[in-house]
Amino acid sequence: MSMPFVGWREFLPLIQLKVPKCPVPVIVQAVRGAARKFCSRTRLWTHRSEATDILAGHADYACAVQDRNAETCAVLKVEIRGQPLESVNAEQWRGLDPTRSAELPGKYMVTEPGMVHLWPIPSQDMSGAMTVEVALTPTLTSDKAPSFLLSAHDRTIAAEALKDLMLIPNQPWTDLQIGMAHGQDFIRQENRARIAASRGGTNARFRGGKMGI
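Numbers 2 to 214, taken from the working numbering, label the letters of the sequence shown in order.
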């Protein structure tokens with residue numbers, strides 16, 4: 002079953018009265034931007050791929066989610082045959098022998114949110130051996146939000162949207178002081194959500210779209 006989604010306009014009751022005369026499309030854009038920021042920072046919205054084949058001699062794998070309303074913002078975990086691989090950064094990667102091969106890779110590097118590079122290079126084909134867990138964020142053109150953002154984090158999203166809207170200069174709803182206060186509220190609530198997730202809070206799993214591995 003696909004994850005339930007809601008339209009961005011569902012957030013309007015939390016925002017509209019506080020920014021009088023602000024056009025609805027402008028509010029929707031601010032809400033979408035706030036949700037993208039929240040998801041990319043907290044990494045609460047995740048997707049685990051189906052088991053994917055590994056090909057001998059092939060070290061590079063695309064793992065981006067292909068969906069109208071969701072895109073990959075980070076790779077959280079790569080496993081081969083149930084064993085997690087060690088994540089390395091670009092500096093560490095440069096110190097590895099690029100020609101080395103082995104039956105089972107032990108490390109990986111992410112060069113962009115949707116691309117994983119394995120090391121050593123796999124030396125044999127492995128059917129259904131690799132799974133990748135990624136963090137998701139709404140796309141810039143998404144027309145829907147995952148429903149958990151509305152049910153569990155609506156006021157957090159609204160706070161950041163209100164901050165962005167109230168800091169727009171020379172508008173009937175401009176209010177720098179209150180806008181900055183909303184921004185601080187967003188930071189506090191976002192930190193709580195991130196801490197809760199790190200302590201084993203329930204992540205929202207994405208079950209729509211496909212990964213491009």
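For each residue, glycine too, the CB sits at the ideal point set by N, CA and C.
- Counting only runs of 3+ residues, the beta strand (DSSP E) found wholly inside the region 20-80 occupies 46-49, 53-55, 61-63, in chain order.
- The C-beta distance from P123 to L45 rounds to 32 Å, too long to meet the 8 Å contact threshold.
- Judged by DSSP secondary structure, L166 falls within the alpha helix (DSSP H) whose first and last residues are 148-167.
- Contact between the region 152-168 and the region 181-198 is present: three or more C-beta pairs spanning the two stretches fall below 8 Å.
- For F12, there is no enclosing beta strand (DSSP E), as DSSP gives it neither H nor E.
- Per DSSP, G129 is one residue of the beta strand (DSSP E) stretching across 127-138.
- By the Cβ rule, the region 130-150 does not count as touching the region 167-179, because fewer than three pairs are nearer than 8 Å.
- In the three-state scheme derived from DSSP, where H, G and I count as helix and E and B as strand, M181 is classed as helix.
- Residue environment for P106: buried (at least 16 other C-beta atoms within 10 angstroms of its C-beta).
- Contact between A35 and I158 is confirmed by a C-beta separation of about 5 Å, below the 8 Å threshold.
- F6 is bridged by DSSP to P147.
- By the CB criterion at 8 Å, P139 and R42 fall outside the cutoff.
- By the CB criterion at 8 Å, D186 and A160 fall inside the cutoff.
- At a Cβ-Cβ threshold of 8 Å, W174 and C23 count as neighbours.
- When the beta-carbon positions are compared, R82 and A130 come within less than 8 Å of each other.
- In this model, K19 and K164 are separated by some 11 Å (Cα to Cα).
- Judged by pairs of C-beta atoms under 8 Å, the region 92-104 does not touch the region 6-14, as fewer than three such pairs exist.
- Proximity to V89 across W120, P26, R37 peaks at W120, based on C-alpha coordinates.
- Put simply, the backbone Cα of S148 is about 18 Å away from that of I28.
- Judged by their CB atoms, M116 and D54 are not nearer to each other than the 8 Å cut-off.
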